[in-house]
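Residues are numbered in the numbering used here as their position in the sequence shown, beginning at 1, plus a constant of 160.
Heads up, the beta-carbon is just placed ideally off N, CA and C, and yes, glycines get one too.
The structure displayed is predicted, hence computed values, not measured ones.
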Amino acid sequence: MSLWMILPISLPVLTIAGIWVVYAMALYNQHVCPVHNWLYNESCEEPLPLQRGAVLCCTPDNIPLISKCGTLPPESCFFSLICSTGSFMVMLIGLLRYAHVIERHQNCMLNTAGLSAAWICAAGLIMVGNFQVDIAKVLHYVGAGVAFPSSMLFVCLQSTLTYKLAKTQEEYRVGHLRGGMALLALVALVLSGVFFCQESFALQHAAAIFEWTYCMLIMLFYGTFAFEFGSMSGDTLTVLSRGGGGAGGPSFPTSSGHKMEAEGRGSNHHQRWRGVASLQRLEQGCQT
161 MSLWMILPIS LPVLTIAGIW VVYAMALYNQ HVCPVHNWLY NESCEEPLPL
211 QRGAVLCCTP DNIPLISKCG TLPPESCFFS LICSTGSFMV MLIGLLRYAH
261 VIERHQNCML NTAGLSAAWI CAAGLIMVGN FQVDIAKVLH YVGAGVAFPS
311 SMLFVCLQST LTYKLAKTQE EYRVGHLRGG MALLALVALV LSGVFFCQES
361 FALQHAAAIF EWTYCMLIML FYGTFAFEFG SMSGDTLTVL SRGGGGAGGP
411 SFPTSSGHKM EAEGRGSNHH QRWRGVASLQ RLEQGCQT
């Protein structure tokens, strides 16, 4: 087993644990209402942070969306850190997956599109984490509008690529797992978007739950790359240094190749001269 498999495993472990810690901090500071709360009011006599008691009065401003949990300090600091770290790991995993496919199989449009989707998702995730929804709403929604569709596109492309490259039964089982996770993530994303636009408080709360479900499915999907990364070696990085040339890709001559080619040309040239000299000696013998 290669140590590279730690990378895709650590991404879901760190990010899922991190966003739940952010939620716990926001809940402790009464910046959001609990996930199990389904009762909301148009307004309350006191804002949520000032309320005391077992029963809290919640408004639509307190719905526990992931972004809402990371809006106010101190949890906003941890939310930005998690999103920035997660975006870097997404870029790295996407790049290594791209190189691994080239090394083991060949480059293709699906592979290049998957890398692009991963990096676009990482850029959107940085915007989501560093522009809080209550402080820079437009930039936050732009980042979310980039991160959510591109992450969905990434899992769909990788699921298709897994089936396309599968040769063994185990690889097909990984493809089934990724396909199922991609389907569940698509359903969660669609329901979250549809419910978020509704005026019903209960549906908006359901949108928050589906948003949490979607994000955890995406992170777990990245964790499945541990199957491929377990057989990855340091030679995979040389694919990137050669400009993406791997199996089925453009080949690049080495210095030894140049030497062998030069020796071959010299040997052929020497054989031609020997043949010409032998022919001349034969003609002289016939004349005498």
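Per-residue burial, residue i [other beta carbons within 10 Å of its own, 16 or more giving buried]
i	result
residue 171	buried
residue 228	buried
residue 406	Because the pLDDT at residue 406 is just 47, under 50, the model does not fix this residue reliably, and the value given afterwards should be weighed accordingly. With 16 or more Cβ atoms within 10 Å of its Cβ, residue 406 is classed as buried.
residue 201	exposed
residue 384	buried
residue 402	exposed
residue 179	buried
residue 161	exposed
residue 295	exposed
residue 427	Note that residue 427 has pLDDT 48, beneath the 50 cutoff, so the model's placement of it is unreliable and no number is given.
residue 419	Interpretation of residue 419 is limited by its pLDDT of 42, a score under 50 that renders its predicted location unreliable; the figure taken from the coordinates is listed afterwards. The residue in question, residue 419, is exposed, as its Cβ has fewer than 16 Cβ neighbours within 10 Å.
residue 256	buried
residue 408	With a pLDDT of only 42 at residue 408, under 50, the local geometry of the prediction cannot be trusted, and the value read off the model is given with reservation. Exposed, since its Cβ has fewer than 16 Cβ neighbours within 10 Å.
residue 329	exposed
residue 173	exposed
residue 399	buried
residue 210	exposed
residue 206	exposed
residue 349	buried
Minimum C-alpha distance to residue i - residue among the options
i	options	result
residue 197	257, 162, 220	220
residue 344	377, 363, 166, 169	377
residue 352	215, 372, 194	372
residue 191	211, 163, 166, 222	222
residue 381	243, 250, 300, 293	250
residue 240	255, 284, 276	284
residue 315	298, 253, 301, 302	253
residue 318	298, 393, 347, 275	275
| query | Hey, is the stretch 355-375 in contact with the stretch 314-332, meaning 3+ C-beta pairs nearer than 8 Å? | reply | no
| request: Determine, using beta-carbon pairs with one atom in the stretch 251-266 and one in the stretch 228-239, whether at least three such pairs fall under 8 Å. | output: no
| query | Between the stretch 273-290 and the stretch 298-312, do three or more beta carbon pairs fall short of 8 Å? | reply | yes
| At least three beta-carbon pairs within less than 8 Å, the stretch 270-282 to the stretch 179-195 | no
| task | Any chance you could list the alpha helix (DSSP H) runs of at least 4 consecutive residues sitting entirely within the stretch 262-340, in chain order? | result | 269-290, 297-325
| field | Start-end ranges of the alpha helix (DSSP H) lying completely within the stretch 176-255, minimum 4 residues | value | 226-229
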